[in-house]
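Residue numbers (this note's numbering), protein chains in the order written: chain A, 27 to 252; chain B, 27 to 252; chain C, 27 to 252; chain D, 27 to 252; chain E, 27 to 252; chain F, 27 to 252; chain G, 27 to 252; chain H, 27 to 252.
All C-beta atoms in this analysis are idealised placements derived from N, C-alpha and C, irrespective of residue type, glycine included.
None of these values were measured; they are calculated from a predicted model.
In what follows, a structure is listed as structure tokens, so that the remarks can point back to it.
There are 8 protein chains.
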Amino acid sequence: MPDDVAGFAELDLGRTARRGYPEAVYCAGKSPGQVGAIAAAVRARPDLVTLFTRAGPEHAAAVLHELPDAHHDADAALLAWPPRPPEPAGGLVVVVAAGTSDLPVAREALQTARYLGRRTELIVDVGVAGLHRVLARLDDLRRARVVVVAAGMDGALPSVVAGLVAVPVVALPTSVGYGAAFGGLAPLLAMLNACAPGVAVVNIDNGYGAGHLAAQIAAPAPAGDA
Amino acid sequence: MPDDVAGFAELDLGRTARRGYPEAVYCAGKSPGQVGAIAAAVRARPDLVTLFTRAGPEHAAAVLHELPDAHHDADAALLAWPPRPPEPAGGLVVVVAAGTSDLPVAREALQTARYLGRRTELIVDVGVAGLHRVLARLDDLRRARVVVVAAGMDGALPSVVAGLVAVPVVALPTSVGYGAAFGGLAPLLAMLNACAPGVAVVNIDNGYGAGHLAAQIAAPAPAGDA
Amino acid sequence: MPDDVAGFAELDLGRTARRGYPEAVYCAGKSPGQVGAIAAAVRARPDLVTLFTRAGPEHAAAVLHELPDAHHDADAALLAWPPRPPEPAGGLVVVVAAGTSDLPVAREALQTARYLGRRTELIVDVGVAGLHRVLARLDDLRRARVVVVAAGMDGALPSVVAGLVAVPVVALPTSVGYGAAFGGLAPLLAMLNACAPGVAVVNIDNGYGAGHLAAQIAAPAPAGDA
Amino acid sequence: MPDDVAGFAELDLGRTARRGYPEAVYCAGKSPGQVGAIAAAVRARPDLVTLFTRAGPEHAAAVLHELPDAHHDADAALLAWPPRPPEPAGGLVVVVAAGTSDLPVAREALQTARYLGRRTELIVDVGVAGLHRVLARLDDLRRARVVVVAAGMDGALPSVVAGLVAVPVVALPTSVGYGAAFGGLAPLLAMLNACAPGVAVVNIDNGYGAGHLAAQIAAPAPAGDA
Amino acid sequence: MPDDVAGFAELDLGRTARRGYPEAVYCAGKSPGQVGAIAAAVRARPDLVTLFTRAGPEHAAAVLHELPDAHHDADAALLAWPPRPPEPAGGLVVVVAAGTSDLPVAREALQTARYLGRRTELIVDVGVAGLHRVLARLDDLRRARVVVVAAGMDGALPSVVAGLVAVPVVALPTSVGYGAAFGGLAPLLAMLNACAPGVAVVNIDNGYGAGHLAAQIAAPAPAGDA
Amino acid sequence: MPDDVAGFAELDLGRTARRGYPEAVYCAGKSPGQVGAIAAAVRARPDLVTLFTRAGPEHAAAVLHELPDAHHDADAALLAWPPRPPEPAGGLVVVVAAGTSDLPVAREALQTARYLGRRTELIVDVGVAGLHRVLARLDDLRRARVVVVAAGMDGALPSVVAGLVAVPVVALPTSVGYGAAFGGLAPLLAMLNACAPGVAVVNIDNGYGAGHLAAQIAAPAPAGDA
Amino acid sequence: MPDDVAGFAELDLGRTARRGYPEAVYCAGKSPGQVGAIAAAVRARPDLVTLFTRAGPEHAAAVLHELPDAHHDADAALLAWPPRPPEPAGGLVVVVAAGTSDLPVAREALQTARYLGRRTELIVDVGVAGLHRVLARLDDLRRARVVVVAAGMDGALPSVVAGLVAVPVVALPTSVGYGAAFGGLAPLLAMLNACAPGVAVVNIDNGYGAGHLAAQIAAPAPAGDA
Amino acid sequence: MPDDVAGFAELDLGRTARRGYPEAVYCAGKSPGQVGAIAAAVRARPDLVTLFTRAGPEHAAAVLHELPDAHHDADAALLAWPPRPPEPAGGLVVVVAAGTSDLPVAREALQTARYLGRRTELIVDVGVAGLHRVLARLDDLRRARVVVVAAGMDGALPSVVAGLVAVPVVALPTSVGYGAAFGGLAPLLAMLNACAPGVAVVNIDNGYGAGHLAAQIAAPAPAGDA
């Protein structure tokens, strides 16, 4: 571990070897200075993909100061370095945003899956209030190895999608909605209670977690599988 | 008020005149003896419809002892007297049960609407995990003046139905489901956050309330309406 | 769908045909730029009413830039276009605000019902702490086909009003109140537990939903009703 | 302290001297044997009033074995010894039960106030769904020095009563109601958020606490008051 | 009602006659303009005491513009007009603040009781972590007709005080504390569960409600009391 | 649909064709009679696997009366028919039970995955209080295509396992634990907040859902995957 | 591990060596047969102390069948084997039960500490409603190296005790109380928010955890301490 | 008590004598002026250690104006005076921060323990997602007399650490994490449900409380201990 992050972080650079996926840097609880120091520390390892998630403007500036060519998706509050994602392998990850307000979180999921080595597609604004919209995209959904569905409010879309496809659905609740959504609690509970089986729930607004899980589900099958 | 209910109940026999709908007797918190005394008291008023809701076997026996010809729907835990519902008026009330386990509560709603003077129809087991089932009943749904949808688990069906019809949907959450349904909290929140407008939510497992509200919505329009 | 909203929204312009009511644009989770692009897209459809709800000052400016003659009710955080509401039909919608602090949400409900084609009336500051105030308005309440009641704090007014009228009451909880109101949870629960039947609950501070539901309840009865 | 309660209880026999009110024995968490031993211990102190609250049938039998002339109100799950309440002093305590199901808890409050030395009156089944019932009892309410209001469901009655009288209202939430009453949480929150000031809230189903508080409020004014 | 508040408020100027206590103006949900208009409207009634509660700096300025001699207690976020409280009557109200952080809410309670006509005293920083502090003030507490106890964190002080005095304790939970205080939920629940009877709980941070209730409890006894 | 289930259930016999997995019959909310009728209805379709979950003794008897050779795992409260699971395909599903009390739910997951066509292995009693136990099974864990981890109490084991393997972990919270586990809420929240990515959460005690999701994740990769 | 517990439990017999304290067997989620098999398995290790906690009558019978001389404290629902506790070392553990209803949990804590090798003392029924009771036991409290305080309801006693002694207080919330105690949530939150520092909170009704923690705190100081 | 803090604070300067530990000044709810006045008041007592916790920049400036040589740890939002901690005694306190974002709270715990007279060590970024990191520090952990573990998210680390050491673990939940961490509720519940005994839980983000408790646990054993 480089000396300049000692005292506040213990980078897990061996994680790619151990788990097959690199570590991400969750910026929200760190100062821009700490994030910048980590960015400097990973510069020596272009063989690993490093994601900086929940990166506000000051975090992004600190990263870009150290890694000027990092890819920055401001809507998703995410940076990736090296900027070019790995050559895709495994199955297709389709990311669905129920409404426009769910897009930032959906994009975080999509970028994460992409930088972890998967092909990705995005479908937007297909909430259950107009079923014809999701039914119109059935062919796209059925080409996926896993579908990520980001939804706030009633969180009903993952149930509906899971009832239409054979593959797992990663349900990503968002904090979008009126008062009784309680910051995402309503869609979270709805997704945990999905009446269609095959729904894998992650934390509220946790696009990174959803994308990571989707990438693992869609990973190339190991040799030993039947 | 008859003397023999004095001390524990103040029957609101004028309610039909005042509100247009009779009072119901909620049995759950009353002793069989109290329920029986109320049944005896209403015997003198066959001009009013009296519903006994949440009536367990002992409550039902106490009612039937006083009103032997009362209609008893044991699945719905409900008795009605006089046994014959009024001649139907107003629009059609369609009651939908998402799953078999939601049937008792759905039946309570249906019987309530029927004894308050509406035509009713029942549709069962059309949860969103198999959308083709609800889509196959679209014509039935579109003939309704109001649709009651009873659902537990993810509570997603009212959103889906509301997106398909022009009339109001009364959303009736049930306490059916695994642990994180938290006794009906999950579908309740989902219904309050329905992404399709036009959803009227009532209390968990409150079939009586749902049926009453539906009867009011489907009531014959007063003369003054345009 | 116009090209310039592709990528973040899928306008449901067929919704009026399908459901009889137009789609609304919920601005809170969208950027002013996105809202402006949607405003531009609907300009070609003056035959449809479009509502922009939860519109902050920047959202409003973006809409007015594209649709300068849109009606803007800043208190209700709502814009409507075309500015002139449709000719009213169906029954009267009476909107009641329990206290002055409930007015913005109550106005959102009223404007929604009005732009969906209903006659509306507003009654303000008639909380249950002074019953004489609501009793004094009984005649106004009894002329309604549906009453919307916006209330925070104890959320007691919908119960009281529902006990006084024959028509449905749409209960609209607001986030007004001291600490243990928990952002509207207290009135929401009170309304769900209303001891008078005939109460239809919507989400906290969701004036749009309340107005939409009221408009549907007060809609002209279809030909087939008895 | 008598030896035979040593090991599980430390009777506070000096409490009447210190606080002016005797200790009560909460039976719910104690074995019948423990309750009986306490009953035996207080037999030597007929100068103190002892209340046994939340006494199930076995607790009651154990008390009556030791104190055969104790007064037993089975509905209120309460025993009092000596059986004759003290000569009443101070103001009148009026206890109101919103519905029949609230009666047991209301009776516990009434008996407690009576055995602590107050005059009491009971009013039953005057919920806000039929306002005329509570308005018809206004004269009775206005003679009180304090009103205890027991209500479940929406918990709206204390707000309404507090808006009609000058004296404090003790709000006693009960666990009566459908699912979203959440065991009394809904009326508890409603009462804490009462829009009329002058409402003193106690614990759910805690009739003893409500009666005790009411007795204190209605106590004879000390000499020093203006 | 003066014309210039029509449209947003219905002043209850008859409340003093009806209930014996004047109405207060809760500023938090109102605009400074609305509050100013109400201030102007009450100027014609110096015979009534008007309290403006939860008044931020802009609310205060709006009131003082209309009623320049109003009494302003900025710590308590409260204004009173006319500035001179009524001649005190009834018993003494003692207000206790468990810690320094509870002082603003405690002062709101004290000012309310004072302007409703009671003598008041304040005791500060006597939390249960140092019992000697509250025991040292026992004589002061025992002179009261009612004690208001404002406390955050564990909310333990009302239980302790109620165990030491014969009169009712108004328990006023505050939102002071670390994370698991959950905005005052922890002391609120503790107070509702006070193991000493005689505790009357009000809403979190609701100093006005606590002071009003205390004033009613300590009111001069009506003629009819024994 | 056979006539004898009409009225309470709409069997989705086409689901295997549509989604690739058969429907399961959730017995908990159904009467033994209803479950028996469904069992009779599926007897004509030995080409489909039918699972009966949450089957109490009476449900099991009703199933076995119709399908005497059904496989019954009483610990898992599950029956399967036809009794012989399909020939396994895809990757290995390893099911881990953190403690002995988590075994019934873990077995439900294992049986579900097995009857949906996967190879399965069970590891028991390897909670994080003794890390050496889980570390000793690392080789077994690393042969899996997906790991299901059932845990109550602190729900920490999925985080630990996810940090040790490359494949997804299905986190299955159980309702095992002391009071503040709140019926499984504590492990549910812990799993949603797992600090290691790659954790897919399902509902509390929902072994069926966990096993179904695991079977989908470990399904043979479709031809199109890279 | 003996063969006969294979399949459902992995005994951690090395735990005494590793952690210095033996493993306990939590019976609540296990069948009597499983508990009996574990009892048989530990019979070969009389050098280790084994505790069986939350043992109902059937669990106890199963243990006593295998280990007839085991010590059985039925009130505490606990068995210990070998029956004689180790020779005490370290500091004194004082266990305080706020009320009689808290005794079973307090006894579980006391027995656990005793069988882990500490001297113990029990103090009962010293709740804060009568402060003189706890103040009278101050000398006993001050001889302790750690005090365990079991309390339900307002959970105020740990704060009070922690303010009186120099040593840590283990706060053990119990599920004793009226409705708004919410199964121990109220005292749990109060204890977490104790205004006196030095309070270590454990799970609701977890007497075993409290006793174990107390035993560790009062353990003989290792050689290296200053 | 100095005059200039009268009116808002009652300093407990005798607390060191009574409890062995000095009082701390919780700044969050106090104005800078109040904090400064307290700082001035303690200047006369350099024999006592005074900690100012939760001190924002303005609080810190006010303290430093009165006590210019006070030690200020801005990351921990804490000041100490006199600046030099007492000579350490008792056992070692090891403070562990699961992640970088937990560092501020962990530092508050460490500084508190240090100024209360203990030796301290800090270990950072050893979350359970990479078990090798915590296992690598086992020797450091085993030298402690008590370990403080600060963790957000799943709160799993205290369970893991408690399973590895013989001494008590003080579990300090932090408010770090995605939506369903609910401001620290998730790790708080996980820690209360730790499957390893020996875990003492404190309030969310309450580093001061954790450090104080740890200092008490690691205090020199009194003479009387065996």
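One alpha carbon belongs to aspartate 231(C), the other to leucine 198(C), and they sit about 7 Å apart. Nearest C-alpha to alanine 50(C) among Ala240(C), Tyr141(C), Met217(C): Tyr141(C).
Listed in chain order, the non-local C-beta contacts of alanine 132(G) below 8 Å within the same chain comprise Val121, Val122, Ala123, Leu148, Val150, Val174, Ala176, Leu198, Gly233, local neighbours out to five positions each way being set aside. For the 8 Å CB-CB criterion, valine 75(F) and proline 94(F) do not form a contact. With a cutoff of 8 Å on beta-carbon distance, aspartate 180(G) and cysteine 53(E) are scored as not near each other. Taking C-beta atoms under 8 Å as the contact rule, glycine 235(E) and valine 228(E) qualify, at a distance of about 4 Å. Within the segment 157 to 239 of chain D, the complete beta strand (DSSP E) segments of 3 residues or longer fall at 172 to 177, 195 to 199, 225 to 227, listed in chain order.
Straight across, the Cα-Cα distance linking proline 114(C) with alanine 135(A) is about 46 Å. At a beta-carbon threshold of 8 Å, the residues of chain H lying near proline 248(G) are Gly117, Arg171, ordered along the chain.
Taking the Cα positions, alanine 245(A) is about 21 Å away from aspartate 165(A). Check the Cα spacing between alanine 170(G) and each of Arg71(H), Leu215(H), Asp99(H), Gln242(H): the tightest is with Gln242(H). Going by beta carbons, glycine 117(H) and valine 172(H) fall inside the 8 Å limit. For threonine 138(B), the enclosing alpha helix (DSSP H) has its first and last residue at 129 to 141. Residues of the segment 180 to 200 of chain E whose Cβ lies closer than 9 Å to any Cβ of chain G, in chain order: Asp180, Gly181, Ala182, Leu183, Pro184, Ser185, Val186, Ala188, Gly189, Leu190. One finds Cys221 in chain A with Cβ atoms closer than 7 Å to the Cβ of glycine 153(B), taken in chain order. Annotated as distal: valine 195(G) and glycine 153(G), with beta-carbon spacing of 8 Å or more. Residues Val120, Val173, Val187, Leu190, Val191 of the same chain have their beta carbon placed closer than 7 Å to that of leucine 167(F), with the five preceding and five following residues left out of the count. Rounded to whole angstroms, the gap between the alpha carbons of threonine 79(F) and serine 201(F) is 17 Å. Within the same chain, Val196 come within 6 Å of leucine 239(B) by CB-CB distance, once the 5 residues on both sides are set aside.
Linking alanine 66(E) to proline 109(E) through their CA atoms gives a straight-line distance of about 15 Å. Here phenylalanine 78(B) is bridged, per DSSP, to Val51(B), Leu105(B). One thing to note: valine 89(E) has its Cβ no nearer than 8 Å to the Cβ of glycine 55(E). With fewer than 16 other CB atoms across the displayed protein chains lying within 10 angstroms of its CB, histidine 158(F) is exposed. Residues of the segment 206 to 217 of chain A whose Cβ lies closer than 7 Å to any Cβ of chain H, in chain order: Gly209, Gly210, Leu214. Residues are counted here when their Cβ sits less than 7 Å from a Cβ of chain H; for the segment 132 to 163 of chain F these are Gly153, Val154, Ala155, Gly156, Leu157, given in chain order.
Taking a C-beta distance under 8 Å as the contact criterion, serine 185(E) and alanine 96(G) do not qualify as a contact pair. Beta bridge pairing from DSSP links valine 61(H) with no other residue. For arginine 45(E), the three-state secondary structure derived from DSSP is helix.
DSSP places leucine 118(F) in no alpha helix (DSSP H) but in the uninterrupted beta strand (DSSP E) bounded by 118 to 123. Within 7 Å of the CB of leucine 129(F), the CB atoms of chain G belong to Phe34, in sequence order along the chain. Interface residue (Cβ-Cβ distance to chain E less than 8 Å): valine 120(D) is not classified as such. Within chain C, the residues placing a beta-carbon under 8 Å from that of glutamine 60(E) are Thr126, ordered along the chain.
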